[in-house]
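Residue numbers (the numbering used here): 150 to 618. We put the CB at the ideal spot given by N, CA and C, even for glycine. Just so we're clear, the structure is a prediction, and the values are computed from it rather than from any experiment. See below for the structure under consideration.
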C-alpha cells in the first residue's frame, strides 16, 4: 500500500477533504462513496464500467468520471483505492506525483467510523445479509445508523450517512484489510475455506479472524455462531483471553438458542431463548434456513446494544432482503428469474437447495459465472457438486481480472465436472449466446438463477428481455 503519510487512528472522514474513489461503481466502493456524499463531503470517482449504481451516485452529487486520467485528480485531496488497483494505475501514479494522500478503501471506511459505535460483521458467508439485517433493525428502531455494506438493499442503497451514533458495516477478510477496524461489536458468522492464497490454510484463516476480533474495543462484545465449529473455536479462544464473547445457534451450548427453525416460501421463523429467558417467536420474510441464523446474530447484537426485545422483533419483521441475495428480479412468460451472489460452494449449495425447493415440480436452471481463478481451481469439484443440485446448468468463463486460468481449471473444467447429462449442461463463454439459450431451455413454471461473480448481475435483464421476445 502506497500513501503519502500513514493514517492516524483518530482520522475522520472530514479530515480527508475531497476524496476520489477509483472504481467507484462497484458495490463496495460505491457504498463508501455514497456514505461520504450523504455525509455532505466533496466526493468524486472514476469508473469505466456501466454499473447500475452510477446514476444514483451522480444524483447524490458525486462527480463520476467515465475514464481514468490525471485530470480527474484536479481539486482532489485524497485518493481511495482497493487491493485490486495496481500501484502503476494512472491515477495512483498521478496522485503520488502531486503528493496527494492515497488510502486503501478500508482506511477510508475506518475514518468514517471514527467517533461512532461501530458494529462490524465478518465471516466467510452471510456477512452482507447479516449487516443489512442489523442496519434495517436499527433503522426500524428509530436509531438512524450510518452503514456501508457489500450488497445493495432493494432500493439500491449500499451505504449512507445516518444521524444516529451507530455505524454498521461488513468487514472483508480476503486481503487482511479488516485488521484496520476497531469495532465496538464484532460478529463472526462462520469460517470456511476461502482466500487460502492469502492465508495458506483454513487454520491460518481462523487465526486471521481471531486477530480481527482481538481488535474489538475495550468493553466491546464479540458475537459468534456457535453452530460453526471453527467460529465457535475462535470464540472460545477469545473468551479464554478474557473477552466478552456470546454465541448464537441451534446448538444447546449457544447463549442465544434458536428453536423450531422453519423456512417456507413466506420466510423464516423460530423461537429464541437467551440466558434461560424465552424471547418468543421471530419472523423474517425471506426464505432460507441459513437466513434464520443470520437474523439470530442480529437479535443477539440488538440485545448487546441494550435494545428492547419487542423492538428487535419488529425491526426484523419487515426485512426487505439484499440485492443479489436470493433476489427475484422478475417473472416473464411464467419463468421466475433470480439473481444470487453465491460463488463459494458452501453458499452455492445453500442457495441452490432453497431454490430447488421453490421450484417444486418444475425445473431449476442455473447460469453460473465462476469468481476468481484461484478459487475455481481450488474448489472445482465442490463447485461442480453444488451446480449439480440444479436440473440444468450453464457455465461461463471465470471472472478474475489479472489472473491466469490454468488449463482444465476454468469454466469448461467446471462444466465437465458437473454430474448432469451432457444435454443438461453447457459451457457458454459468450455473453450474448446465453439469453436465447435460456429461452429455448425453459418453460412456464421453471426457475432460473444467475449466480456468481459481479458482472453476471447484469444478465437477468437480458434473460428477461429474451423471454419476453
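Within the region 328-392, the complete beta strand (DSSP E) segments at least 3 residues long are 334-337, 370-374, listed from N- to C-terminus. Rounded to the nearest whole angstrom, the CA to CA distance from residue 362 to residue 612 is 42 Å. When C-alpha distances from residue 378 are compared across 248, 174, 258, 355, the shortest belongs to 355. Here residue 196 is buried, its C-beta having at least 16 other C-beta atoms within 10 Å. Considering only 376, 500, 335, the residue with the shortest C-alpha distance to residue 473 is 500. Short of 7 Å from the beta carbon of residue 170, and not among the five residues preceding or following it, lie these beta carbons of its own chain, in chain order: 178, 181, 182, 194, 229. The Cβ neighbour count for residue 332, taken over all protein chains shown within 10 Å, is at least 16; the residue is labelled buried. In this chain, the beta strand (DSSP E) harbouring residue 319 covers 315-319. Bridge pairing for residue 476: 488 [DSSP].
Residue 318 is classed as buried because its beta carbon has at least 16 other beta carbons within 10 Å across all chains shown. Setting aside the 5 residues that flank it on each side, residue 289 is surrounded in the same chain by 463, 464, 467, each with a C-beta closer than 7 Å to its C-beta; the list follows chain order. Residue burial annotation: residue 198 is exposed, with fewer than 16 other C-beta atoms found within 10 angstroms of its C-beta.
Annotation for residue 566: the continuous alpha helix (DSSP H) segment containing it runs 560-566. In the three-state scheme derived from DSSP, where H, G and I count as helix and E and B as strand, residue 326 is classed as helix. Beta-bridge partners assigned by DSSP to residue 420: 408, 430. CA-CA distance, residue 503 to residue 485, rounds to 14 Å.
If you check the CB distance, residue 563 and residue 519 come in under 8 Å. When only Cα atoms are considered, residue 334 and residue 495 end up about 26 Å apart. If you look at residue 587, you'll find it in the alpha helix (DSSP H) that goes 583-590. Beyond the five residues adjoining it in sequence on each side, residue 460 comes within less than 7 Å, by CB distance, of 290 in the same chain, given in chain order.
Around the beta carbon of residue 526, 16 or more other beta carbons lie within 10 angstroms, which makes this residue buried.
The alpha helix (DSSP H) runs of length 4 or more contained entirely in the region 176-243 are, from start to end of the chain, 176-187, 203-208. Cβ contact annotation for residue 370 (same chain, cutoff 6 Å, sequence separation greater than five): 334, 393, 453, in chain order.
The region 574-594 and the region 508-524 touch, with three or more beta-carbon pairs separated by less than 8 Å.
In this structure residue 424 is exposed. Its beta-carbon is surrounded by fewer than 16 other beta-carbon atoms within 10 angstroms. Its chain contains 255, 271, 320, 321, 361 as the residues whose beta carbon lies nearer than 7 Å to that of residue 327, once the 5 sequence neighbours on both sides are disregarded; these appear in chain order. CA-CA distance, residue 357 to residue 341, rounds to 12 Å. Closest in alpha carbon position to residue 476, among 435, 350, 493, is 435. If you check the CB distance, residue 522 and residue 567 do not come in under 8 Å. Along the region 478-543, the beta strand (DSSP E) occurs as fully enclosed runs of 3 or more residues at 484-489, 513-518, listed in sequence order. Under the three-state reduction of DSSP output, residue 302 falls in the coil class, being neither helix nor strand. Within its own chain, the residues whose Cβ lies closer than 6 Å to the Cβ of residue 212, once the five positions on either side in sequence are excluded, are 193, listed in chain order. With respect to residue 441, residue 407 sits close: the two C-beta atoms are nearer than 8 Å.
DSSP places residue 601 in the uninterrupted beta strand (DSSP E) bounded by 596-601. For residue 461, the enclosing alpha helix (DSSP H) stretches over residues 458-466. Beyond the five residues adjoining it in sequence on each side, residue 537 comes within less than 8 Å, by CB distance, of 567, 568, 569 in the same chain, given in chain order.
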